[in-house]
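S.K.: Quick note: the sequence shown uses my numbering, first residue 2, plus one each step. Every residue, glycine too, gets a C-beta built ideally from N, C-alpha and C. Handing you this structure, nothing more for now.
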Amino acid sequence: MDAFRIVGGHPLRGTVKVSGSKNAALPILFSSLLGGNFTLRNVPCLRDVQTTLSLLKQLGVATESLGEKKPSPSKGKHLPAGQGQEWTGLFSISDQGGAEYEAPYDLVRTMRASVLCLGPLLARKRRARVSLPGGCLIGARPIDIHLKSFEKMGARITIHHGYIDAETKGLKGSEIILPYPTVTGTENILMAAVLARGTTTIQNAAKEPEVIDLANFLLARGAKIKGAGTSSITIEGVTDLHDTEYAIMFDRIEAGTFLVGAALLGDRVRIEGVDPSRITSILRVLLNMGAEPIMEGDTITLGAIANPVGTSLRTLPYPGFPTDMQAQILPLMAISKGASSVIETVFENRFTHVMEMNRMGADIEIHGSQAIVRGGSRLEGATVMASDLRASAGLVLAGLVAEGETEIKRVYHIDRGYEAIEKKLESLGARIKRIQEDLP
Ligand code: EPU
2 MDAFRIVGGH PLRGTVKVSG SKNAALPILF SSLLGGNFTL RNVPCLRDVQ TTLSLLKQLG
62 VATESLGEKK PSPSKGKHLP AGQGQEWTGL FSISDQGGAE YEAPYDLVRT MRASVLCLGP
122 LLARKRRARV SLPGGCLIGA RPIDIHLKSF EKMGARITIH HGYIDAETKG LKGSEIILPY
182 PTVTGTENIL MAAVLARGTT TIQNAAKEPE VIDLANFLLA RGAKIKGAGT SSITIEGVTD
242 LHDTEYAIMF DRIEAGTFLV GAALLGDRVR IEGVDPSRIT SILRVLLNMG AEPIMEGDTI
302 TLGAIANPVG TSLRTLPYPG FPTDMQAQIL PLMAISKGAS SVIETVFENR FTHVMEMNRM
362 GADIEIHGSQ AIVRGGSRLE GATVMASDLR ASAGLVLAGL VAEGETEIKR VYHIDRGYEA
422 IEKKLESLGA RIKRIQEDLP
């Protein structure tokens, strides 16, 4: 198993380019189950993308990597899944029109976002059999809202032996009122509604930029969608979709992770390929803590905050502060002057990284859904364990600013959602290496 070894305290300097968004790429790739062909650019090289491509293959979608092949930046001995292959980020995708409709346990268990195949399979093949995702370390994460919405649209759903069986004689447009603006729930319903008969409205829809990216992509394929990015989306069903070429939006969370890295250790870090208007909640928190970012076109330049001060935040659906950035902001709070507070409102158990950060010298107490950070700590390198994707990124940032050596075990989590993060950080001057973890 891979681990990262980091020697902390080295300044970060230079330019880093943000990759395509994981959470936009996944629904857009799953929408291929709606049929037809298209070309995608800016597809990030991630384990979750590869899991999606494997699942799509089993469901009868052919994907081909196109373009001039360049060696991946991660070519080397200890490669995470998918890196080290030649990756251009350009894909041709075509649904072969087969009868396959099952997403098996082995794939769903490694990636919960596999449930995004439900909506398009129901719409196109009128049938889906998908392993029910279990709980996950960050929370129970049920998918009841997805399932109730499909029932409202005319699907019959049963759950037996750990599988969701869904079928329909044809989905019909409906008014769906979401009890919570679930992100993948909104995307699943949106994809189903594109080929449903009649008009669907989604009230209390998720407003995340990744939902807008999916809607823009489907619009480019001829879907009829209004209101994406607001809490009310209207979709008028069409009979089929046409060919298009589309570039996936930038990864907001990767951009935010580099911003915190720059705020901790930057000697001028230029982050390229960002739309600052999509990350205002992250920028606002950094400004409160004393950052002075310079925005020019699609770049943000930031140096280390000389005297960071603590702040309070609450994770919320977009446009609020993203839960996916909560672990990464904690090391900055830990070294800041004064106290900080983080209230996690999206997931019920997303503080597993805190104990590991405390082992590195942070002073963070958890009270239910609130983390209280006593600032002014000097972090020290330690051996720590990554427990999920964003927790891993938080520990990497803690390791970069800590004194001495940090070893982060189980970094396979980070390969699910960050493209060659250690190579990008190394190019900025960080001392970070991927190593083979010693097995007991
Ligand atoms: N929820 C329900 N019932 C449902 C759906 C959601 O109770 O049917 C609850 C969840 O348990 C959770 C809350 O609603 O407490 C929010 O969940 P949401 O459905 O919005 O999350 P998601 O769609 O499963 C996506 C991202 C996550 C990100 C969340 C919140 C993708 C593939 N995943 O998950 O990304 O944290 O939205 O923004 O888009 C990550 O990238 O590390 C990641 C976890």
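1. Whose CA, out of Ser-313, Leu-314, Val-275, lies closest to the CA of Met-296?
2. Would you say the region 390-401 touches the region 325-334, given that touching needs at least three Cβ pairs under 8 Å?
3. According to the Cβ coordinates, are Gly-400 and Ser-378 closer than 8 Å?
4. Can you check which of these residues, Gly-15, Arg-42, Lys-18, Gly-37, is closest to Ala-25 by C-alpha distance?
5. In whole angstroms, what separates the C-alpha of Pro-210 from that of Arg-222?
6. Establish whether the CB of Ala-197 and some CB of chain B are separated by less than 8 Å.
7. Confirm, please, whether the CB-CB distance from Val-270 to Leu-13 is below 8 Å.
8. Does Arg-125 come out as helix, strand or coil in the three-state DSSP assignment?
9. Buried or exposed: which applies to Lys-425, given that a residue is buried once 16 or more other Cβ atoms fall within 10 Å of its Cβ?
10. Quick check on Glu-211: does DSSP put it in helix, strand or coil?
11. How big is the Cα-Cα spacing for Ala-264 and Asn-38?
12. For Arg-157, count neighbouring C-beta atoms within 10 Å of its own C-beta (all shown protein chains included) and say buried if the count is 16 or more, exposed if not.
13. Alpha carbons only, please: which of Asp-268, Val-412, Arg-417, Glu-381 is nearest the one belonging to Ala-403?
14. Which stretch, first to last residue, makes up the beta strand (DSSP E) that contains Leu-429?
15. Using a 10 Å radius around the Cβ and a threshold of 16 neighbouring Cβ atoms, would you call Gly-199 buried or exposed?
16. Suppose the cutoff is 6 Å on Cβ atoms and the five residues either side in sequence are ignored; what does the same chain contact list for Gly-442 look like?
17. Determine the direct distance from the alpha carbon of Lys-23 to that of Lys-76, and round the result to whole angstroms.
18. Should Asn-308 be labelled buried (16 or more other beta-carbon atoms within 10 Å of its own) or exposed?
19. Hey, how far is the Cα of Ser-342 from the Cα of Leu-333?
20. Which runs of the alpha helix (DSSP H) at least 4 residues long sit entirely within the region 2-75? Give them in chain order.
21. According to DSSP, which residues form a beta bridge with Met-361?
22. Using CA coordinates, which residue listed in Leu-284, Tyr-247, Val-412 is at the minimum distance from Phe-259?
23. Following the continuous beta strand (DSSP E) through Glu-188, name the residue where it begins and the one where it ends.
24. Specify, as a first and last residue, the run of the alpha helix (DSSP H) that Met-290 falls within.
25. Sort Ser-95, Val-44, Thr-53, Ala-141 by Cα distance to Thr-64 and report the nearest one.
26. Quick one: what's got a C-beta closer than 8 Å to Gly-321's C-beta in the same chain, skipping five residues either side?
27. Who does Asp-96 pair with in a DSSP beta bridge?
28. Tell me where the alpha helix (DSSP H) around Arg-222 begins and ends.
29. Could you pull out every residue in the same chain whose Cβ sits closer than 7 Å to the Cβ of Arg-6, ignoring the five residues on either side in sequence?
M.R.: Let me spell this out:
1. Residue mapping note: residue 296 aligns to position 295 of the sequence shown, counting from 1. The residue with the shortest Cα to Cα distance from Met-296 is Val-275.
2. yes
3. Looking up residue 400 in the sequence shown gives position 399. Looking up residue 378 in the sequence shown gives position 377. Taking 8 Å as the Cβ cut-off, Gly-400 and Ser-378 do not qualify as a contacting pair.
4. Residue numbering aside, residue 25 sits at position 24 when the sequence shown is read from its first letter. The candidate whose alpha carbon is nearest that of Ala-25 is Arg-42.
5. To locate residue 210, count along the sequence shown from 1; it is residue 209. To locate residue 222, count along the sequence shown from 1; it is residue 221. Near 18 Å, if we compare the C-alpha coordinates of Arg-222 and Pro-210.
6. Any reference to chain B falls outside this structure, which holds one protein chain only.
7. Locating residue 13 in the sequence shown gives position 12, where the first residue counts as 1. Locating residue 270 in the sequence shown gives position 269, where the first residue counts as 1. Yes. Within cutoff.
8. By one-based count along the sequence shown, residue 125 stands at place 124. In the structure shown, Arg-125 sits in a helix (DSSP, three-state: H, G or I).
9. In the sequence shown, counting from the first residue as 1, residue 425 sits at position 424. When all chains shown are included, Lys-425 counts as buried.
10. Translated into positions along the sequence shown, residue 211 becomes position 210. In the structure shown, Glu-211 sits in a helix (DSSP, three-state: H, G or I).
11. For the purposes of this step, residue 264 is taken as the residue at position 263 of the sequence shown. For the purposes of this step, residue 38 is taken as the residue at position 37 of the sequence shown. So the two alpha carbons sit approximately 43 Å from each other.
12. In the sequence shown, residue 157 corresponds to position 156, counting from 1. Per the 10 Å Cβ criterion, exposed.
13. Within the sequence shown, the letter at position 402 stands for residue 403. Selected option, being the one with the closest Cα: Glu-381.
14. Start at 1 with the first residue of the sequence shown, and residue 429 comes out as number 428. That residue, Leu-429, is in no beta strand (DSSP E); it is neither H nor E in DSSP.
15. Numbered from 1 along the sequence shown, position 198 holds the residue referred to as residue 199. Exposed: under 16 other Cβ atoms inside 10 Å.
16. No information on residue 442 is available, as it lies outside the stretch 2 to 441 that the chain covers here.
17. Along the sequence shown, read from residue 1 onward, the residue named residue 76 stands at position 75. Along the sequence shown, read from residue 1 onward, the residue named residue 23 stands at position 22. With a pLDDT of 40 at Lys-76, under the threshold of 50, the predicted position of this residue should be treated as unreliable, though the coordinate-derived value follows. Rounded to the nearest angstrom, the two C-alpha atoms are 21 Å apart.
18. In the sequence shown, the residue the question calls residue 308 occupies position 307. When all chains shown are included, Asn-308 counts as exposed.
19. Position 341 of the sequence shown, counting from 1, holds the residue named residue 342. Position 332 of the sequence shown, counting from 1, holds the residue named residue 333. Cα-Cα distance, rounded: 12 Å.
20. 23-31, 48-59
21. Residue 361 sits at position 360 when you count from the first residue of the sequence shown. According to DSSP, which records beta bridges pairwise, Met-361 is partnered with nothing at all.
22. Numbered from 1 along the sequence shown, position 258 holds the residue referred to as residue 259. Here the closest residue by C-alpha is Leu-284.
23. Position 187 of the sequence shown, counted from the first residue, corresponds to residue 188. Here Glu-188 belongs to no beta strand (DSSP E); instead the alpha helix (DSSP H) covers 184-195.
24. One-based indexing of the sequence shown puts residue 290 at position 289. Met-290 -> no alpha helix (DSSP H), and no H or E assigned at all.
25. By 1-based counting over the sequence shown, the position of residue 64 is 63. Measuring from the Cα of Thr-64, the nearest candidate turns out to be Ser-95.
26. Indexing the sequence shown from 1 puts residue 321 at position 320. Ser-282, Arg-315, listed in sequence order.
27. Your numbering for residue 96 matches position 95 in the sequence shown. According to DSSP, which records beta bridges pairwise, Asp-96 is partnered with Val-62.
28. Counting from 1 along the sequence shown, the entry for residue 222 is found at position 221. Premise fails: Arg-222 is in no alpha helix (DSSP H) and is neither H nor E.
29. Here residue 6 refers to the residue found at position 5 of the sequence shown. Here the set comprises Glu-406, Glu-408, Lys-434, Ile-436.
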